[in-house]
Amino acid sequence: MNTPADHRHDDLRHAEYVLGVLDADARAAVEQEIRDDPHAAAAVTEWQRRLIPLADDVGDVAPAPYVWVRIRDALRLDTRARSQSPASLWDNLRLWRWLGIGASVVAAACVVVMLGTPNPASAPSTRRAGYMASSIEQDNGVTGWTATMDLQHARMIVVPATPAAFAQGRAPELWLIPPGSKPISLGVIARDRPTSIALPPALLAHVEADALLAVSVEPAGGSPTGQPTGPVIAKGVIGGA
Amino acid sequence: MNADSPTGRDELTQLLIRTGHSDQQAFAELYRRTSSKLFGVCLRMLRTRSAAEEVLQETYLTVWRRAASFDVTRASAITWLVTLARNKAIDRLRQHHEEQLDNPLKLEETADDHPTPAAHTETSQEHQRLQHCLDALEPRQRHAVREAFFTGATYNELAARCEVPLGTMKSWIRRSLLQLRTCLER
Chain A
253 MNTPADHRHD
263 DLRHAEYVLG
273 VLDADARAAV
283 EQEIRDDPHA
293 AAAVTEWQRR
303 LIPLADDVGD
313 VAPAPYVWVR
323 IRDALRLDTR
333 ARSQSPASLW
343 DNLRLWRWLG
353 IGASVVAAAC
363 VVVMLGTPNP
373 ASAPSTRRAG
383 YMASSIEQDN
393 GVTGWTATMD
403 LQHARMIVVP
413 ATPAAFAQGR
423 APELWLIPPG
433 SKPISLGVIA
443 RDRPTSIALP
453 PALLAHVEAD
463 ALLAVSVEPA
473 GGSPTGQPTG
483 PVIAKGVIGG
493 A
Chain B
712 MNADSPTGRD
722 ELTQLLIRTG
732 HSDQQAFAEL
742 YRRTSSKLFG
752 VCLRMLRTRS
762 AAEEVLQETY
772 LTVWRRAASF
782 DVTRASAITW
792 LVTLARNKAI
802 DRLRQHHEEQ
812 LDNPLKLEET
822 ADDHPTPAAH
832 TETSQEHQRL
842 QHCLDALEPR
852 QRHAVREAFF
862 TGATYNELAA
872 RCEVPLGTMK
882 SWIRRSLLQL
892 RTCLER
């Protein structure tokens with residue numbers, strides 16, 4: 253029969269479990285107890301109610317955007333299930349900031365957001381403002397990379413969503429394919445970290461809705477012919493961000 | 712969004728219940744509203760973004776699969792979510808226990824552990840009551856409890872970090888937990 257001392261000892265173990273001070277074996281024992289004994293489960297829940305509010309003392313930290321992409325892909329959710337409000341430039345600003353492109357880009361983009369128009373003094377008529385994006389998906393529907401294009405600053409950021417394995421001496425090369433045209437190389441991209449690509453005016457002119465982005469497997473230095481030579485492993489349509 | 716305001720809480724509860732019915736939009740919105748809080752907790756415990764990202768991902772995969780088992784009569788949505796994230800972070804810490812022993816972490820007080828007065832006023836009633844009860848503890852014991860909660864350290868690790876015998880650390884923590892329970896039931 254349980255004595256009050258046993259009860260006190262049990263309750264302390266549940267508290268220690270919730271606080272997080274038990275070693276792996278002791279944690280496993282409490283978890284087994286939670287599964288087997290409703291009273292133990294209730295006691296643990298009660299300690300969670302008491303102690304978890306302490307988490308309010310930890311500052312919020314926004315995770316990188318690709319974490320949601322990975323979750324969505326792992327669960328094979330509809331890609332329309334967005335974790336962000338639609339049509340929000342702010343998402344892209346967070347992305348830029350996270351990528352560490354530089355405060356000046358963020359500041360300039362903030363001005364664009366606040367004024368709602370590009371700065372007329374520094375925007376020749378050939379320049380465009382705004383962002384475009386593409387989810388570059390593998391054949392199995394899993395996003396391989398996400399590309400975001402900052403039109404005003406003529407840059408594209410390509411972020412790997414799912415690190416891909418490549419054979420020795422092989423690398424992913426990114427291609428821009430305007431509707432009805434041949435692929436234009438955007439260069440070899442990293443498979444495990446973001447790649448920033450400058451878009452000179454000749455390329456920028458082809459960054460438009462319905463153009464495709466594709467990734468092919470090429471020799472480490474890039475395709476020797478200027479056209480894809482290896483298999484295309486991922487592709488995506490460019491659309492408005 | 713404020714997860715601690717009454718409306719914010721009700722909305723989170725609704726989102727979690729809808730997630731339990733496989734509502735993808737609700738799940739996406741739940742992630743949008745809670746991922747920064749959970750990521751902060753994971754990052755504090757695991758200390759590297761890559762480890763915290765992996766645990767955050769595992770946490771939300773589990774949220775999607777287990778949301779149907781969320782019982783609104785037993786816990787608030789945010790408590791349920793934070794508990795899930797902490798448990799996964801602690802499991803990971805225990806798995807990497809050996810590496811940690813090779814590379815001992817230094818005891819440090821970060822700014823995170825001491826909210827600014829402004830942040831404090833925004834926190835939940837539950838948090839304010841807990842804070843009040845923590846304030847009643849002896850300072851070194853209070854510090855040990857907070858260090859344990861935020862870092863997920865074992866008794867052994869805490870004793871080493873605070874440079875006290877294991878027995879002393881156990882009695883500090885246990886006494887503190889009993890004192891907190893009494894104070895919170897008042």
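Protein chains in written order, with the working numbering: chain A, 253 to 493; chain B, 712 to 897.
Here a beta-carbon is modelled for each residue, glycine too, at the ideal position from N, C-alpha and C.
Nothing here was measured: the structure is a model prediction, and the numbers come from that model.
Only I884, R885, L888 and L889 from the segment 873 to 889 of chain B bring a Cβ to less than 8 Å from some Cβ of chain A.
Sequence-distant Cβ neighbours of A463 of chain A in its own chain, meaning closer than 8 Å and more than five residues away, are L428, I429, P430, P431, V489 and I490. Residue A:V459 holds the alpha-carbon nearest to the alpha-carbon of L403 of chain A among A:G439, A:V410, A:P435 and A:V459. Per DSSP, A788 of chain B lies in no beta strand (DSSP E); the unbroken alpha helix (DSSP H) holding it starts and ends at A788 to Q806. Annotation for V774 of chain B: no beta strand (DSSP E) segment contains it, though the alpha helix (DSSP H) segment containing it runs R760 to R777.
Chain order gives the chain A residues near H838 of chain B as P305, L306, A307, D308 and D309, where near means a beta carbon separation below 9 Å.
Residues of the same chain with a CB within less than 7 Å of the CB of M880 of chain B, apart from the 5 flanking positions on each side, are A855, Y866, L869, A870 and C873 in chain order.
Using a 10 angstroms sphere on the CB of R797 of chain B, the tally of other CB atoms reaches 16 or more, which defines it as buried.
Taking a 10 Å sphere around the C-beta of E849 of chain B, we find fewer than 16 other C-beta atoms and assign the residue as exposed. Judged by their CB atoms, A314 of chain A and S747 of chain B are nearer to each other than the 7 Å cut-off. A residue is called buried once 16 or more other Cβ atoms fall within 10 Å of its Cβ, and F861 of chain B is buried on that count. Going by beta carbons, F781 of chain B and L727 of chain B fall inside the 7 Å limit. Contacts with chain B at 7 Å (Cβ-Cβ) do not include P412 of chain A. DSSP places R885 of chain B within a helical segment (H, G or I) once states are collapsed to three. Listed along the chain, the chain A residues whose CB falls inside 9 Å of the CB of F781 of chain B amount to none; the nearest CB is some 12 Å away. Sequence-distant Cβ neighbours of Q300 of chain A in its own chain, meaning closer than 8 Å and more than five residues away, are V270. Assignment of G719 of chain B by DSSP, reduced to helix, strand and coil, places it in the helix class.
In the structure shown, the three-state DSSP call for V440 of chain A is strand.
Within chain A, the residues whose beta carbon sits less than 8 Å from that of I801 of chain B are G272 and R279, listed in sequence order. Taking 7 Å as the threshold, the shortest C-beta distance from V319 of chain A to chain B falls below it. Assignment of R897 of chain B by DSSP, reduced to helix, strand and coil, places it in the coil class. When Cβ-Cβ separations below 7 Å define contact, D258 of chain A makes no contact with chain B. In this chain, the alpha helix (DSSP H) harbouring R324 of chain A covers P317 to A326. CA-CA distance, R892 of chain B to R302 of chain A, rounds to 8 Å.
Relative to S387 of chain A, the option among A:A295, A:P424, A:Y318 and A:A450 whose CA is nearest is A:Y318.
Annotation: Cβ neighbours of A316 of chain A in chain B (cutoff 8 Å, chain order): R760 and E764. DSSP places S733 of chain B outside both helix and strand once states are collapsed to three, so it counts as coil. In the DSSP annotation of this structure, the continuous segment of the alpha helix (DSSP H) that includes P850 of chain B starts and ends at P850 to T862.
Taking all protein chains in view, the Cβ of P480 of chain A is crowded by 16 or more other Cβ atoms within 10 Å, so the residue is classified as buried.
Proximity to Y383 of chain A across A:A406, A:W397, A:G311 and A:N392 peaks at A:A406, based on C-alpha coordinates. Interface annotation, G731 of chain B: not in contact with chain A, CB-CB separation never under 7 Å. Across the segment 740 to 753 of chain B, CB contacts with chain A closer than 7 Å involve Y742, R743, S746, S747, K748, F750, G751 and V752, in sequence order along the chain. S761 of chain B sits exposed, since fewer than 16 C-beta atoms from the chains shown fall within 10 Å of its C-beta.
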